[in-house]
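Q: Protein chains in written order, with the working numbering: chain P, 4 to 302; chain R, -19 to 314. Here a beta-carbon is modelled for each residue, glycine too, at the ideal position from N, C-alpha and C.
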């Protein structure tokens, strides 16, 4: 390995350079960034607050894209839904909730799964057997089924759907983390860390964990997309979020009844937003997998 | 092995150490009845070929033997205290503190994602109640002591920014951080080129002499032992077959295996002549013969070798053989 190059190029820069090598991944990242910014800034950039009853007018219900408001104050670029809400605003606010649910459940599931997986991989023995059998049993059920059962028990609400998504996802991380930990703990630097007399918790979380992260980042990036679509599915089925906090899935469900009567925009535009969001996340995740795969880039 | 003038308590005394691995068809003994001592400031070489149990001996002393292996018997006395009787937390306080270990491959022993200062500071703080700044200063001093140029900048680097020789110096600096009583080196220069090996051997020797640290140097290279160690143990098949002062053992080997090893190492004095070799290959630990482990390859073996020979000791020179070499034959090489 060329030492001078290595000193000149920090790991972060090398990561960026490798990531930028794919134009599709750059498009994905750009789109994702725009969507995330739009979702994050929804209260400031949306034409109206779709949850403020004072701002919506029932007389504007089910207007097609481009129609003007009855009051004449604004134009509904993407049309309105059955309550006269501006679809563009609803989509921005809905995406905010979808992203919030997807990201927070993924981060929490990652934390839970990573901890359990590392412990299983490092400690071995009975603990490993127990944790991995629990994960196996859970993975043998379809995730939508587990989420449906949990939500039926817990009831609707953002916190509850996040809990359900964590319960569905943790096993993926636990298994990935365990297999990474099994590989890493046989390496000499772990032996050396134990030989230095470091405390077991420090060996696991300071030395083992960062070296197990790359495959988990890839899994997490893909899981954000599947968490968002699972949440949309649950909301579409009416089990997810309450009507007062509509995510993209609930918006699609709301327009579903009007699809056949020609009022396509109520379902179509949230659907497109969901599709673009998930495709963008997947493009980014794919490139992350290539960049973080040590087999493709031996230094 | 004790010489009359050595009345001081040894830093490390290993007594009848046995390490076994559970395997199908019974336990396999990889370290068999090993005994040796190392005193303050003394350098002990352990020589043997792959599979002779020399690395396992070091791992057993550190109690780093992973399942299915286990230490089946014996004592490991560090300054008179039996390490095998300590609980896991007490043992943690010994590792890296009283005993440091340096591993074979410097490319692998440093954590690739942590900066050198992080790794050194945590090594200090695992054993000493000192602040970050003070620990960092100790790390800087340790790097300077092993001859790394501009240690302040090196502290901020990642392991991949170092060459192999520099990494091994970092590993040595980490080993020195807590001023251990004993350093175990498991072939630390095998992965390095010969010039760097020579420098590191010299520095380790100087450092140990100056600080009174006892050093156990495990290697397969007789030349390294000849230049570095005070005393040497020759291991074969999990046993120490011969031990003693380096000059005695290398110039007047008594065990046929030691004699064979010496005869098969290249030498300037016999340039052009074909290298002699020991017939056959070392058997895996599960297939060692009864009695003397070397008897299946030994030119002098007789039926009596099927029982384990007792140790013969003469002036601190120990060997286990029914048919020890006569002095002139071993002295041919020197």
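By a C-beta neighbour count over all protein chains shown, 10 Å radius and 16 as the cutoff for buried, is residue 55(P) buried or exposed?
A: Here residue 55(P) is taken as the residue at index 52 of the first chain, counted from 1. By the 10 Å Cβ count, residue 55(P) comes out exposed.
Q: Going along the chain, which residues of the segment 86 to 115 of chain R sit with their C-beta nearer than 8 Å to a C-beta in chain P?
A: If the cut-off is 8 Å between Cβ atoms, the segment 86 to 115 of chain R has 88, 89, 90, 91, 92, 93, 94, 102, 103, 106 and 107 near chain P.
Q: Could you say which of 283(R), 280(R) and 86(R) lies nearest to residue 171(R) if we only look at CA atoms?
A: On the second chain, position 191 is the one that residue 171(R) refers to. Ranking the options by Cα distance to residue 171(R), first place goes to 86(R).
Q: Kindly list the residues whose CB is nearer than 6 Å to the CB of residue 174(R), restricted to its own chain and excluding five residues on each side of it in sequence; keep chain order.
A: Here residue 174(R) refers to the residue found at position 194 when the second chain is read from its first residue. Within the same chain, residue 174(R) has no close Cβ partners at all.
Q: Are there 16 or more other CB atoms within 10 angstroms of the CB of residue 300(R), so buried, or fewer, so exposed?
A: Counted from its first residue, the second chain places residue 300(R) at position 320. Label assigned to residue 300(R): buried.
Q: Please decide whether residue 201(P) counts as near chain R, where near means a Cβ-Cβ distance under 9 Å.
A: Locating residue 201(P) in the first chain gives position 198, counting from the first residue. Judged by the 9 Å Cβ criterion, residue 201(P) is in contact with chain R.
Q: For residue 185(P), collect the residues of the same chain with a Cβ closer than 7 Å to its Cβ; drop the 5 residues on either side in sequence, then sort them by chain order.
A: Taking the first residue of the first chain as 1, we reach residue 185(P) at position 182. Correct list, in chain order: 124.
Q: Can you check whether the C-beta of residue 128(R) is within less than 9 Å of a C-beta belonging to chain P?
A: One-based indexing of the second chain puts residue 128(R) at position 148. No, no contact with chain P.
Q: Does the contact criterion of 3 or more C-beta pairs under 8 Å hold for the segment 33 to 49 of chain R versus the segment 0 to 17 of chain R?
A: A contact exists between the segment 33 to 49 of chain R and the segment 0 to 17 of chain R.
Q: Suppose the cutoff is 6 Å on Cβ atoms and the five residues either side in sequence are ignored; what does the same chain contact list for residue 332(R) look like?
A: Here chain R comprises residues numbered -19 to 314, so residue 332(R) is not present and cannot be evaluated.
Q: Tell me where the alpha helix (DSSP H) around residue 25(R) begins and ends.
A: For the purposes of this step, residue 25(R) is taken as residue 45 along the second chain, with counting starting at 1. Run containing residue 25(R): none in the alpha helix (DSSP H); it sits in the beta strand (DSSP E), 23 to 27.
Q: Can you have a look at residue 253(R) and say buried or exposed, based on whether 16 or more other CB atoms are within 10 angstroms of its CB?
A: What you label residue 253(R) is simply residue 273 of the second chain in a count that begins at 1. With fewer than 16 other Cβ atoms within 10 Å, it is exposed.
Q: Please go through the segment 48 to 105 of chain R and give each complete beta strand (DSSP E) segment of 3 or more residues, from N-terminal end onward.
A: DSSP runs (the beta strand (DSSP E)) wholly in the segment 48 to 105 of chain R: 49 to 58 and 79 to 82.
Q: Taking the alpha carbon of residue 221(P) as the reference point, which residue from 171(P), 201(P), 109(P) and 190(P) has its own alpha carbon closest?
A: Position 218 of the first chain, counting from 1, holds the residue named residue 221(P). Measuring from the Cα of residue 221(P), the nearest candidate turns out to be 109(P).
Q: Quick one: which unbroken alpha helix (DSSP H) runs of 4-plus residues sit fully inside the segment 172 to 236 of chain R? Chain order, please.
A: For the segment 172 to 236 of chain R, whole alpha helix (DSSP H) runs of length 4 or above, ordered along the chain, are 174 to 191, 202 to 208 and 226 to 231.
Q: Residue -11(R): which of 245(R), 225(R), 99(R) and 194(R) sits nearest, CA to CA?
A: Here residue -11(R) is taken as the residue at index 9 of the second chain, counted from 1. Out of 245(R), 225(R), 99(R) and 194(R), 194(R) has the C-alpha closest to the C-alpha of residue -11(R).
Q: To the nearest angstrom, how far is the alpha carbon of residue 267(P) from that of residue 157(P)?
A: For this step, residue 267(P) is matched to residue 264 along the first chain. For this step, residue 157(P) is matched to residue 154 along the first chain. Straight-line Cα distance between these residues: approximately 33 Å.
Q: State the CB to CB distance for the pair residue 238(R) and residue 25(R), rounded to an integer number of angstroms; the pair is presumed to be in contact (CB under 8 Å).
A: Mapped onto the second chain, residue 238(R) falls at position 258. Mapped onto the second chain, residue 25(R) falls at position 45. Not confirmed; about 12 Å, so no contact.
Q: Residue range of the alpha helix (DSSP H) that residue 222(P) falls in?
A: Within the first chain, the letter at position 219 stands for residue 222(P). Unbroken alpha helix (DSSP H) run through residue 222(P): 212 to 239.
Q: Which whole-angstrom value is the C-beta distance of residue 196(R) and residue 38(R), which I expect to be below 8 Å?
A: What you label residue 196(R) is simply residue 216 of the second chain in a count that begins at 1. What you label residue 38(R) is simply residue 58 of the second chain in a count that begins at 1. Indeed they touch by this definition, with Cβ atoms about 7 Å apart.
Q: The beta strand (DSSP E) that contains residue 294(R), what's its start and end?
A: Translated into the one-based positions of the second chain, residue 294(R) becomes position 314. From DSSP, the beta strand (DSSP E) with residue 294(R) extends over 292 to 294.
Q: Alpha carbon to alpha carbon, how far is residue 52(P) from residue 284(P)?
A: Along the first chain, read from residue 1 onward, the residue named residue 52(P) stands at position 49. Along the first chain, read from residue 1 onward, the residue named residue 284(P) stands at position 281. Approximately 27 Å between the Cα atoms of the pair.
Q: Give me, in chain order, the residues of the same chain whose beta-carbon lies closer than 6 Å to that of residue 54(R); leave out the 5 immediate sequence neighbours on both sides.
A: Your numbering for residue 54(R) matches position 74 in the second chain. Around residue 54(R): -5, -4, -3 and -2.
Q: Can you tell me the Cα-Cα spacing of residue 212(R) and residue 202(R), whole angstroms?
A: The count along the second chain starts at 1 and reaches residue 212(R) at position 232. The count along the second chain starts at 1 and reaches residue 202(R) at position 222. So the two alpha carbons sit approximately 10 Å from each other.
Q: So who's on the other strand from residue 79(P), going by DSSP bridges?
A: Locating residue 79(P) in the first chain gives position 76, counting from the first residue. 70(P), per the DSSP bridge assignment.
Q: Give me the subset of the segment 182 to 199 of chain P whose CB atoms are less than 8 Å from a CB atom of chain R, sorted by chain position.
A: For the segment 182 to 199 of chain P, which is checked against every Cβ of chain R, the residues closer than 8 Å are 190, 191, 192, 194, 195, 196, 197, 198 and 199.
Q: Might you give, ordered along the chain, the residues of its own chain that have their beta carbon closer than 6 Å to the beta carbon of residue 242(P), omitting 5 neighbours on each side?
A: Stepping through the first chain from its first residue, residue 242(P) is reached at position 239. Counting only Cβ-Cβ distances below 6 Å, and skipping sequence neighbours, we find 154.
Q: Considering only residues of the same chain and omitting the five flanking positions on each side of residue 269(P), which have a CB-CB separation below 6 Å?
A: In the first chain, counting from the first residue as 1, residue 269(P) sits at position 266. Hits under 6 Å: 84, 258 and 261.
Q: Assuming residue 83(R) and residue 194(P) form a contact by the criterion Cβ under 8 Å, report the distance between their Cβ atoms to the nearest whole angstrom.
A: On the second chain, position 103 is the one that residue 83(R) refers to. On the first chain, position 191 is the one that residue 194(P) refers to. Sure, about 7 Å apart at Cβ, within 8 Å.
Q: Which residues in the same chain have their Cβ closer than 6 Å to the Cβ of residue 21(P), if we skip the five residues on either side of it in sequence?
A: Looking up residue 21(P) in the first chain gives position 18. 294.
Q: Tell me, please, which residues DSSP counts as bridged to residue 298(R).
A: Position 318 of the second chain holds residue 298(R). According to DSSP, residue 298(R) bridges with 223(R) and 293(R).
Q: Measure the C-alpha to C-alpha separation of residue 72(P) and residue 64(P) and round it to an integer number of angstroms.
A: By one-based count along the first chain, residue 72(P) stands at place 69. By one-based count along the first chain, residue 64(P) stands at place 61. Going from the Cα of residue 72(P) to the Cα of residue 64(P) covers about 10 Å.
Q: Using C-beta distances below 6 Å, list every residue in its chain close to residue 223(P), excluding the 5 sequence neighbours before and after it, in chain order.
A: As a working mapping, residue 223(P) is identified with position 220 in the first chain. Within the same chain, residue 223(P) has close Cβ partners 109 and 113.
Q: For the segment 210 to 227 of chain P, which residues have a CB atom closer than 7 Å to at least one CB atom of chain R, in sequence order?
A: Here the close residues are 210, 213 and 214.
Q: Taking contact to mean at least 3 C-beta pairs separated by less than 8 Å, is the segment 59 to 70 of chain R in contact with the segment 120 to 130 of chain R?
A: No, the segment 59 to 70 of chain R is not in contact with the segment 120 to 130 of chain R.
Q: Please tell me whether residue 73(R) has its Cβ less than 9 Å away from any Cβ of chain P.
A: Here residue 73(R) is taken as the residue at index 93 of the second chain, counted from 1. So yes, residue 73(R) belongs to the interface.
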